[in-house]
Amino acid sequence: MIFRHKQRPVDEITLADVQGVRSHLGAGGNGNVSKGSYHGRFVAVKRPNSAAHVQSFRTEINAMLTCASPYLVELLAIADRHSKTPALVLEYMDGGNLRTYLDKKKSGEKMSLNMTKLDVAWVVANALRDLHSMGFAHGDIKSLNVLVSSMGYIKVGDLGTARDRATILTAVPGTLHWTAPEALRTDILGRYGMEADVYAFGVLLTELDTLELPYYDQLPMTHHVFVNGVLDGSVRPTLRKNCEPWYQQLTEQCLLGDPSARPTATKIVEVLQTHVAAAVASKEVCTCSSSMVHIHVRHAF
């Protein structure tokens, strides 16, 4: 199945309630992540990098409390919430991130999981739909922030750059190669909205199709050339030459320079649902429920 969800109440605890917080899992723009154990299960513990990141960390807490979704990494507990060093106790995704998975896939390494690009696109699109419906933008959609479980499900993580409607137009953009043109424009001070998530989703679609980092066939180029190319539309990540026409069309729509011309996350889910239904008919998908689709990950990209 591509998602797994049992919503639980979020506990408020102290960090001492989490055992064995030692093994370093990674670091992001505003936090470090370690592995620990809570109530007999492995968890990921995220703490701010520095005092300067505590406020954005509290924004992340608010986003996660507001936007519970089966397609987002689950928040299990908040440790030391009102202190100067709060921590998030998160569902542990033991399969690592999607970028690592794609790199292994590209190299021909034998994989215990075999996810289709439709599997991943479905989860990320639904995560964005749920976030946007609650008034939040993710702000940093990319393969590094899509996480995988060895049990065969996928979730979107890292809401550290998430912003609500009140602050979204002046938020700091995410990683450069996934950043929408409007977030790069100096004449409007980088103002952007939820449409920028859709642009980043379009970049992610190219990763899923090629297994490569975006712009792999166009780099190196200077920062100036890259930014100007994104702004004028001459620079966009590419797909395989034999990419399915519907997938190419969806990607191109997501990567349009005009934010208002891009499809909404809800529209993207509708488009993908048509192809999920086709996958069900061809037995690539095993079971389907009314609003959420359980796809057993069997087939290669």
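In case it helps, my numbering puts the sequence shown at residues 769 to 1069.
Using N, Cα and C, we set each Cβ at its ideal position, and we do this for glycine too.
Inset, instruction - Please report how far the alpha carbon of Thr929 lies from the alpha carbon of Leu972, in whole angstroms. - result: 17 angstroms
Inset, instruction - Out of Val813, Ser1002, Thr954, state which residue places its alpha-carbon closest to the alpha-carbon of Asn800. - result: Val813
Legend entry - Cβ neighbours of Ser880 in the same chain (closer than 7 angstroms, five flanking residues each side left out): Ser918
Inset, instruction - Kindly indicate which residue of Lys910, Glu1038, Leu944 has the alpha-carbon position closest to the one of Phe994. - result: Leu944
Inset, instruction - Assign Gln787 to buried or exposed, taking buried as 16 or more other Cβ atoms, counted over all protein chains shown, within 10 Å of its Cβ. - result: exposed
Inset, instruction - Identify, in the order they occur along the chain, each residue of the same chain with its Cβ nearer than 8 angstroms to the Cβ of Leu979, setting aside the five sequence neighbours on each side. - result: Leu870, Asp871, Lys873, Lys874, Phe1069
Inset, instruction - Just grab the DSSP bridge partners of Leu840 for me. - result: Val924
Legend entry - Coil, strand or helix - Leu896 by DSSP: helix
Inset, instruction - Kindly list the residues whose CB is nearer than 7 angstroms to the CB of Val914, restricted to its own chain and excluding five residues on each side of it in sequence; keep chain order. - result: Asn865, Leu866, Val888, Val892, Ile922, Val924
Legend entry - Nearest residue (CA-CA) to Pro1031, options Thr853, Leu981, Gly920, Leu896: Leu896
Inset, instruction - Pick out the complete alpha helix (DSSP H) segments inside the region 819-891, 4 residues or longer, and give them in chain order. - result: 822-834, 866-875
Legend entry - From Leu844, Arg1004, Gly903, residue whose alpha carbon lies closest to that of Pro949: Arg1004
Inset, instruction - Compute the beta-carbon to beta-carbon distance between Leu858 and Leu840, rounded to the nearest angstrom, for a pair I have assumed lies under 8 angstroms. - result: Contact doesn't hold; Cβ gap of about 10 angstroms is too wide.
Inset, instruction - Let me know if Arg790 comes out buried or exposed under the rule of 16 or more other beta-carbons within 10 Å of its beta-carbon. - result: exposed
Inset, instruction - Report the residue from Glu842, Glu828, Asp1026 whose alpha carbon sits nearest the alpha carbon of Val966. - result: Asp1026
Legend entry - Nearest neighbour of Ser805, chosen from Leu1007, Met861, Asp785 [CA to CA]: Asp785
Inset, instruction - Please work out which residues of its chain come closer than 6 angstroms, Cβ to Cβ, to Gly1001, disregarding the five sequence neighbours upstream and downstream, and give them in chain order. - result: Gly1025
Inset, instruction - Taking only the alpha-carbon atoms, compute the straight-line gap between Phe969 and Ile909 and give it to the nearest angstrom. - result: 6 angstroms
Inset, instruction - Would you kindly work out how many angstroms separate the C-alpha atoms of Val778 and Leu952, rounded to a whole number? - result: 36 angstroms
Legend entry - Ala1049 - containing alpha helix (DSSP H), residue span: 1033-1049
Legend entry - Collapsed DSSP secondary structure at Glu1012 in the structure displayed: coil
Inset, instruction - Along the alpha helix (DSSP H) that carries Pro949, what are the first and last residues, could you check? - result: 949-952
Legend entry - CB contact check: Gly876 to chain B, cutoff 8 angstroms: The chain inventory of the structure shown lacks chain B, comprising one protein chain alone.
Inset, instruction - Can you give me the start and stop residues for the beta strand (DSSP E) that Tyr806 sits inside? - result: 799-806
Legend entry - Candidates Ala905, Lys885, Phe904: closest to Ser911 by CA position: Lys885
Legend entry - Nearest-angstrom Cα separation, counted from Ala855 out to Asp848: 7 angstroms
Inset, instruction - Ignore the nearest five residues each way along the sequence and tell me which others in Gly863's own chain have a CB closer than 6 angstroms to its CB. - result: Val916, Ser917, Ser918
Legend entry - Check whether Asp926 and Ser837 have beta carbons under 8 angstroms apart: no
Legend entry - Per DSSP, the bridge partner or partners of Lys814: Val801, Leu856
Inset, instruction - State the CB to CB distance for the pair Leu1007 and Asp977, rounded to an integer number of angstroms; the pair is presumed to be in contact (CB under 8 angstroms). - result: 5 angstroms
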